[in-house]
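Below is one structure; the comments refer to it alone.
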Amino acid sequence: MGATQTLRAGMVGMGMIFDETYRPMFEWVHRHGLYDRAFGDVDVPLVAVATRTGRRAEAYRRRAGDRIARFQSFHGEDGVRRMIDCGVDFACVATPDDRHFGPARELLAAGVHVLIEKPSVLRLQELDELLRLARRNGVLAKVVYHKLLDPDHKKLRTLVADGVLQHVNNGYCSLLEPKQISGSQFAEWIRGRNPATYVAVHYIKLIDFTFGGRLTTIKATGQRGLVGPADGTTWDSTQVQLVYRYDDGREAAFDIHTSWVTPDNFPGYVEQEVQFRFDNGVWNGHSRKRGVELTVEGLTPLKLKTTLNNHYNAEFLEPWGERRQRGYGVEVLERFVREVAYVEFGREGTREERLERIRGLTYNDLSADRQTVAAVQGIEAILQTHAAGHPDAVVRLEESGELVLHVPGAAEETVLYRPAQPDAAD
Ligand SMILES: NC(=O)c1ccc[n+]([C@@H]2O[C@H](COP(=O)([O-])OP(=O)(O)OC[C@H]3O[C@@H](n4cnc5c(N)ncnc54)[C@H](O)[C@@H]3O)[C@@H](O)[C@H]2O)c1
């Protein structure tokens, strides 16, 4: 029996991350709907998708059978427009990281709630524009940082919030991806890109969300020569440093190292490590020490992973006989759909009040993504300047909100972003 309330969903981009997380989420809600006392019973059909060529959408439709609703598939220049014309209440954007802004702007301008893959956008100017449209049209603009829902990171944040771990001083994070990511998976869009924007951003957000404080300084460097030419604009690996300042005047610095050229057969597959040092403690996290190491002749490490992350997203045979793909990577998406359902169908307060309440959730609201986007914009500018023959630049985020690039030897600094004056019309 179907529910009387419906949220019609759209999807832009159906690549690797769609298959790992959005697909299981949409298939689950297709079958079970969503229920909460706060908003009742809701059907969530995927009604339309927009992709670059339409091929992956077709392949998925054939594979999925009755596990998903009959969705329409659009591609080409006006794909997102035609998807919107199908009448969608919310849509998810999972296109390559430098192609989030266009579809998100189009959706928000049409009054559609939006969820964007990390990093939300690459420039603060774009963030301002999306926030303006979301406010004007009374819809949610949210971003997915699923690592915030990793149980280990939740525990870290709980210990910080409860004052058990006191005052972070410094730390490092490292995330190493295999060569197949840069070499085949992302070959279509990797030119001119870097692994910091793509994955270091997970840790930028984790640091920003967990420890708070004001981001002041961004430094970045990296290596080239494997994915592209040694003097080109495509980066193999990157090392980023962020400095934060806290209300008590003390500072902390964080180093984040990322790569997408690690050998395909290295044991971690995607290896993640963090260490945060506090006044009174140290937090060490390592994906390979989380517990499981699997060897199967002929299958690990390439077809099956040696060190499985069963928390992020994995297919399980549940004890009650059902098969389900679940984990925090899927949970974070379902949570967004619940937030949309609460805004649209909630039984308490007015829609406006519910909208404001959900906008106040800083873990995923675009309004709380400012420092993360500033870091990404800074990193991109530093790497671009480096590739143009001027390494070692530094970006500072001023208290005024200005983002300023300082290049050694340059006569003048470059303002990358200056906060706009509030527009009376909005
Ligand atoms: N949260 C994570 O851990 C995680 C992991 C992987 C990727 N991602 C993010 O997801 C996004 C997509 O990554 P992916 O791994 O799925 O990439 P992918 O290359 O596998 O897939 C990209 C998809 O976008 C579509 N596309 C490209 N340009 C488009 C356009 N202009 N309009 C409509 N569709 C377009 C392609 O057709 C394809 O379906 C990126 O932002 C990436 O940072 C997140």
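In the numbering used here, the protein residues as written are 17 to 442. The beta-carbon is built from N, C-alpha and C at its ideal position, and this holds for glycine as well.
Same chain, Cβ closer than 6 Å to E55, five either side skipped, listed in chain order: Residue 55 is actually Phe in this sequence, not Glu. The residues are A357, Y358, F361, G362.
DSSP state of M30 mapped onto helix, strand, coil: coil
Near ligand 1: M30 beta-carbon under 7 Å from a heavy atom: Yes, ligand 1 has a heavy atom inside 7 Å of this Cβ.
Through-space distance from D105 to R342, alpha-carbon basis: 24 Å
Spatial neighbours of R434 in its chain, beta-carbon cut-off 6 Å, leaving aside the 5 residues before and after: E418
Cβ neighbours of V471 in the same chain (closer than 6 Å, five flanking residues each side left out): Nothing about residue 471 can be reported from this structure: the residues present for the chain run from 17 to 442 only.
L413 and A397 closer than 8 Å at C-beta: No, they are not a contact pair.
Beta-carbon proximity check, F270 vs N185, cutoff 8 Å: no
Rounded straight-line distance, which links the Cα of A110 to that of L320: 25 Å
Inter-residue CB distance, I234 and I272 (contact presumed, cutoff 8 Å): Contact doesn't hold; Cβ gap of about 11 Å is too wide.
Residues near D166 by beta carbon distance below 8 Å, same chain, minus five either side: H327, Y328, Y344
Straight-line gap, L143 to Q393 (C-alpha atoms, nearest Å): 11 Å
Span of the alpha helix (DSSP H), counted from its first residue to its last, around T142: The question names Thr, but residue 142 is Glu in the sequence shown. That run of the alpha helix (DSSP H) goes 140 to 153.
Start-to-end residues for the alpha helix (DSSP H) that takes in H422: That residue, H422, is in no alpha helix (DSSP H); its beta strand (DSSP E) goes 419 to 422.
Any non-hydrogen atom of ligand 1 within 7 Å of I33 CB: yes
Which of helix, strand or coil DSSP assigns to V298: strand
Exposure of W276, with buried meaning 16 or more beta-carbon neighbours within 10 Å: buried
Close-in-space but distant-in-sequence residues of the same chain around R24 (CB under 7 Å, 5 per side omitted): P61, V63, G103, V104, D105
Which listed residue (V256, G297, G365) has its alpha carbon closest to that of C189: V256
Through-space distance from S89 to G31, alpha-carbon basis: 14 Å
R230 versus E267: straight-line alpha-carbon distance, rounded: 9 Å
is_contact[A236, chain D] using C-beta, thresh 8 Å: Among the chains of the structure shown, chain D does not appear; only one protein chain is present.
Distance cut-off 7 Å: K134 Cβ against heavy atoms of ligand 1: At least one heavy atom of ligand 1 lies less than 7 Å from the C-beta of K134.
Helix, strand or coil at V410 [DSSP, three-state]: strand
Residue nearest to Q21 in terms of C-alpha spacing, selected from D35, Y51, R39: Nearest of D35, Y51, R39 to Q21, Cα basis: Y51.
Cutoff 6 Å; reference R139; Cβ partners in own chain excluding five residues on either side: Q393
Cβ neighbours of G95 in the same chain (closer than 6 Å, five flanking residues each side left out): A66
DSSP bridge partner residues for L258 (one or two, in chain order): I234, F270
Alpha helix (DSSP H) runs contained entirely in the region 82 to 137, provided each spans 4 or more residues: Runs found: 95 to 101, 117 to 125.
Distance, S200 Cα to T316 Cα: 19 Å
Buried versus exposed call for D178 [16 or more other C-beta atoms within 10 Å across all chains shown]: exposed
Cβ-based neighbour list, A441, same chain, cut-off 8 Å, excluding 5 preceding and 5 following: Low confidence applies here, because A441 scores a pLDDT of 48, under 50, leaving its location unreliable; read the following figure in that light. Cβ-Cβ distances below 8 Å link A441 to nothing in the same chain once the five nearest sequence neighbours on each side are left out.
Backbone CA spacing between I33 and A427 [nearest angstrom]: 43 Å
Those residues which DSSP pairs with N185 across a bridge: In DSSP, N185 forms no bridge with anything.
Cβ-heavy atom distance, H116 to ligand 1, below 7 Å: Taken from the Cβ of H116, at least one heavy atom of ligand 1 lies inside 7 Å.
Own chain residues within Cβ distance below 6 Å of V423, not counting five before or after: Within the same chain, V423 has close Cβ partners T401, H406, A409.
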